[in-house]
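Peer 1:
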Amino acid sequence: GSAADNISGGSTRAAIMASGTYATVFKGRSKLTENLVALKEIRLEHEEGAPCTAIREVSLLKNLKHANIVTLHDIIHTDRCLTLVFEYLDSDLKQYLDNCGNLMSMHNVKIFMFQLLRGLSYCHKRKILHRDLKPQNLLINDKGELKLADFGLARAKSVPTKTYSNEVVTLWYRPPDVLLGSTEYSTPIDMWGVGCILYEMATGRPMFPGATVKEELHLIFRLLGTPTEDTWPGISSNEEFRSYLFPQYRPQALINHVPRLDTEGIDLLSALLLYDTRSRISSEAALRHPYFLSLGDNIHNLADSKTDTQTCLTIQVSLRITPPSTQAAFTLL
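In terms of the numbering used here, the sequence shown opens at residue 445 and continues consecutively.
(1) Taking the continuous alpha helix (DSSP H) assigned at R649, which residues delimit it?
(2) Do H574 and D634 count as a contact pair if the criterion is CB distance below 8 Å?
(3) Assuming C642 and M557 are in contact, meaning their beta carbons sit under 8 Å apart, how far apart are those beta carbons, in whole angstroms?
(4) Can you tell me whether T780 is buried or exposed? The criterion is at least 16 other CB atoms within 10 Å of its CB, across all chains shown.
(5) Would you please state the rounded distance, in angstroms, between the beta carbons of L739 and K554? I believe it to be under 8 Å.
(6) Look at K506 and I519 and say whether their C-beta atoms are less than 8 Å apart.
(7) Cutting at 6 Å between CB atoms, please list the residues of its own chain near T753, excluding the five before and the five after it.
(8) Quick check on the burial criterion: 16 or more other C-beta atoms within 10 angstroms. Buried or exposed for G709?
(9) Taking only three categories from DSSP, how would you classify F530?
(10) Using CA coordinates, which residue listed in K578, S723, V481, L712 is at the minimum distance from E644?
(11) Hey, V638 and L716: beta-carbon distance below 8 Å or not?
(12) Do G648 and N546 have their beta-carbon atoms positioned less than 8 Å apart in this structure?
(13) Quick one: what's got a C-beta closer than 7 Å to T751's C-beta in the same chain, skipping five residues either side?
(14) For the alpha helix (DSSP H) containing L716, name the first residue and the last one.
(15) Taking DSSP's pairing of strands, which residues face K591 in a bridge?
(16) In whole angstroms, give me the CA-to-CA distance for M550 and A646.
(17) State yes or no: is the C-beta of N585 within less than 8 Å of the C-beta of D534?
(18) Per DSSP, what kind of secondary structure is S727 in: helix, strand or coil?
(19) Excluding five sequence neighbours on each side, which residues of the same chain lie with their C-beta closer than 8 Å to the C-beta of T755?
(20) With C-beta atoms as the reference, is L583 less than 8 Å away from K571?
(21) Nearest CA to the CA of E589: which residue from E659, H568, L560, Y566?
(22) So for H744, helix, strand or coil by DSSP?
(23) Who does H521 pair with in a DSSP beta bridge?
(24) Using the C-alpha atoms, what's the distance from G625 back to R732?
(25) Residues in the same chain with beta-carbon distance under 6 Å from L663, minus the five sequence neighbours each way, listed in chain order, please.
(26) Just list the residues that DSSP pairs L564 with in beta bridges.
(27) Is the distance from the Cβ of H521 to the Cβ of I499 below 8 Å?
(28) Going by alpha carbons, who is nearest to H517 out of L483, R666, L668?
(29) Give the DSSP-derived three-state secondary structure of S738 in the structure shown.
(30) The alpha helix (DSSP H) spanning S816 covers which residue range?
(31) Can you grab the Cα-Cα spacing for the pair D674 / A593, in whole Å?
(32) If you follow the alpha helix (DSSP H) that Y540 is in, where does it begin and where does it stop?
(33) Taking DSSP's pairing of strands, which residues face R694 in a bridge?
Here you go:
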C-alpha cells in the first residue's frame, strides 16, 4: 500500500482539471477519508534543475497549516513523477468574479481581502513568499473560505515565463521592481499583487492588464505616476527604467478609478501599491488597517488551524458571505 493506492483511480482520477508540459492536475477521491482531492503530477524528467529542488519546495509547503492556505495532504514521489495531493476546492476568485457578473458585494471584497492577508501573513512570518498571486490562485469553497494555492514553486532568481502547467506567467500582478529586473525577492513582491487583486475585486476588471513588460510598466506609471527619486529612491540609476524613456505621468486619484471603495479602502490600496518596497505595507500591518475595523475585534483572535471548531464557527458567524447572485453556480453560507 503506497500512498498512491489510497486514492481511487479509474474514472475519478481521469477528470483532468488542467494540463501542461510539466504538470497535470487531476480530481480524485481519497479512499481513506472519502474526501475529494486535487492531484498535481509534476513530471521530473522535464524539471529544470534537480528534482530535489522541487521536493525541497514541496516539503516547505507541507509545513504550512492554516485555514487560508490550501492543505497539502501528501507527497507521492516516484522516479519519474512527483504527485502532490491537495485538498480540493471547487472554485477560485476568478470564477467567483465571473459568476457575480464582476460586481462583488463590497462586504465580500473585505472578507476575501482579510482572508488573503491572513494566509499571506502566516507565510511571510515563515519567510515563505507566494510569488504568483492572482485570482486564479485564490481558491474558494462553498463556505466562502478563501485559500492560497499554487505557490510559485520555482526558487530561481529569474522570473520564469512559464509555470509548471505551461501557462504563460501573467505580468498583471507583478510589481514594477520585479518588472525592472530586481532579483531581490522579499515579501513586498507579494503585497503589490494583493493591491492589484483588491482593485480587481472592487471594480470587476484587472488593474494593469499589460501584455508585455513595457506595456505593463506603462499602465502602472500612467495611473500611479512615473516614479521619481522621491517616490522610488534609486530609480533614476536603473538602466532598464532609463532605456524605456517613459513620459512623466502625474499620479491620478485612485478614488476616481475605484468609486465603490471607501476612504479606508483607498488608503489601504495606496499603501499596497507604493513603488518603494521599503515603504510598501506588510501583510501584518495590512491586517491591522482601519479598513477592517468593521469586521470586529474577534477576527484578530482566530486560530491558525481549522481543526478548532470554535474558529470555524467564528469564521461563519463573523465572516458571513452574501451569495454573489441568485443564479450563482454555487451558494455560499
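Beta carbons are placed, not taken as given, at the ideal position from N, Cα and C, and that holds for glycine. Bear in mind the structure is a predicted one, so any value in this text is a computation, not a measurement.
Peer 2: In this structure, then:
(1) One-based indexing of the sequence shown puts residue 649 at position 205. No alpha helix (DSSP H) holds R649; DSSP gives it neither H nor E.
(2) Working through the sequence shown from its first residue, we reach residue 634 at position 190. Working through the sequence shown from its first residue, we reach residue 574 at position 130. Note that the C-beta distance between D634 and H574 is below 8 Å.
(3) One-based indexing of the sequence shown puts residue 642 at position 198. One-based indexing of the sequence shown puts residue 557 at position 113. The amino acid occupying residue 642 in the given sequence is Leu; Cys does not appear at that position. 6 Å between Cβ atoms; contact.
(4) This structure gives no information on residue 780, because the portion of the chain shown stretches from 445 to 777.
(5) If you number the sequence shown from 1, residue 739 lands on position 295. If you number the sequence shown from 1, residue 554 lands on position 110. Contact flag correct, Cβ pair sits at about 7 Å.
(6) By 1-based counting over the sequence shown, the position of residue 506 is 62. By 1-based counting over the sequence shown, the position of residue 519 is 75. Yes, the Cβ-Cβ distance between K506 and I519 is below 8 Å.
(7) Within the sequence shown, numbered from 1, the residue matching residue 753 stands at position 309. Any reading at T753 must be qualified, since the residue scores a pLDDT of 36, below 50, and its modelled position is unreliable; the value itself is stated next. There are no such residues.
(8) In the sequence shown, residue 709 corresponds to position 265, counting from 1. Counting Cβ neighbours within 10 Å, G709 comes out buried, since at least 16 surround it.
(9) Here residue 530 refers to the residue found at position 86 when the sequence shown is read from its first residue. In the structure shown, F530 sits in a strand (DSSP, three-state: E or B).
(10) Here residue 644 is taken as the residue at index 200 of the sequence shown, counted from 1. Here the closest residue by C-alpha is K578.
(11) As a first step, residue 638 must be located in the sequence shown, where it is residue number 194. As a first step, residue 716 must be located in the sequence shown, where it is residue number 272. Contact flag set, yes.
(12) Here residue 546 is taken as the residue at index 102 of the sequence shown, counted from 1. Here residue 648 is taken as the residue at index 204 of the sequence shown, counted from 1. Contact flag set, yes.
(13) As a working note, residue 751 is residue 307 in the sequence shown. Here T751 scores only 36 on pLDDT, less than 50, and its place in the model should not be relied on; the value that follows carries that caveat. Excluding residues within five positions, none has a Cβ falling inside 7 Å.
(14) What you label residue 716 is simply residue 272 of the sequence shown in a count that begins at 1. Note, L716: alpha helix (DSSP H), 707–716.
(15) Translated into the one-based positions of the sequence shown, residue 591 becomes position 147. In the DSSP output, where bridge partners are listed per residue, K591 has L583.
(16) In the sequence shown, residue 550 corresponds to position 106, counting from 1. In the sequence shown, residue 646 corresponds to position 202, counting from 1. In a straight line, the C-alpha of M550 is about 7 Å away from that of A646.
(17) Counting from one through the sequence shown, the residue named residue 585 turns up at place 141. Counting from one through the sequence shown, the residue named residue 534 turns up at place 90. Taking 8 Å as the Cβ cut-off, N585 and D534 qualify as a contacting pair.
(18) Within the sequence shown, numbered from 1, the residue matching residue 727 stands at position 283. Looking at S727 - three-state DSSP - the assignment turns out to be helix.
(19) In the sequence shown, the residue the question calls residue 755 occupies position 311. Residue placement at T755 is flagged as unreliable, the pLDDT there being 37, under the threshold of 50; a coordinate-derived value is accordingly withheld.
(20) Counted from its first residue, the sequence shown places residue 583 at position 139. Counted from its first residue, the sequence shown places residue 571 at position 127. Result no, Cβ atoms of L583 and K571 do not sit closer than 8 Å.
(21) To locate residue 589, count along the sequence shown from 1; it is residue 145. Of E659, H568, L560, Y566, the residue nearest in Cα terms is L560.
(22) Position 300 of the sequence shown, counted from the first residue, corresponds to residue 744. Note: H744 maps to helix in three-state DSSP.
(23) Here residue 521 refers to the residue found at position 77 when the sequence shown is read from its first residue. Per DSSP, L526.
(24) On the sequence shown, position 288 is the one that residue 732 refers to. On the sequence shown, position 181 is the one that residue 625 refers to. Distance between the alpha carbons of R732 and G625: 31 Å.
(25) As a first step, residue 663 must be located in the sequence shown, where it is residue number 219. Once the five neighbours on either side are set aside, the close Cβ partners of L663 are F652, G654.
(26) Taking the sequence shown and counting its residues from 1, the one referred to as residue 564 is at position 120. Paired residues: none, contrary to the question.
(27) To locate residue 521, count along the sequence shown from 1; it is residue 77. To locate residue 499, count along the sequence shown from 1; it is residue 55. Cβ atoms of H521 and I499: closer than 8 Å.
(28) Mapped onto the sequence shown, residue 517 falls at position 73. It is L483.
(29) As a working note, residue 738 is residue 294 in the sequence shown. In the structure shown, S738 sits in a helix (DSSP, three-state: H, G or I).
(30) A query on residue 816 cannot be resolved here, the shown segment of the chain reaching from 445 to 777 and no further.
(31) Indexing the sequence shown from 1 puts residue 674 at position 230. Indexing the sequence shown from 1 puts residue 593 at position 149. Cα to Cα, D674 sits roughly 36 Å from A593.
(32) Here residue 540 refers to the residue found at position 96 when the sequence shown is read from its first residue. That run of the alpha helix (DSSP H) goes 537–543.
(33) If you number the sequence shown from 1, residue 694 lands on position 250. Answer by DSSP bridge pairing: none, since R694 is not bridged.
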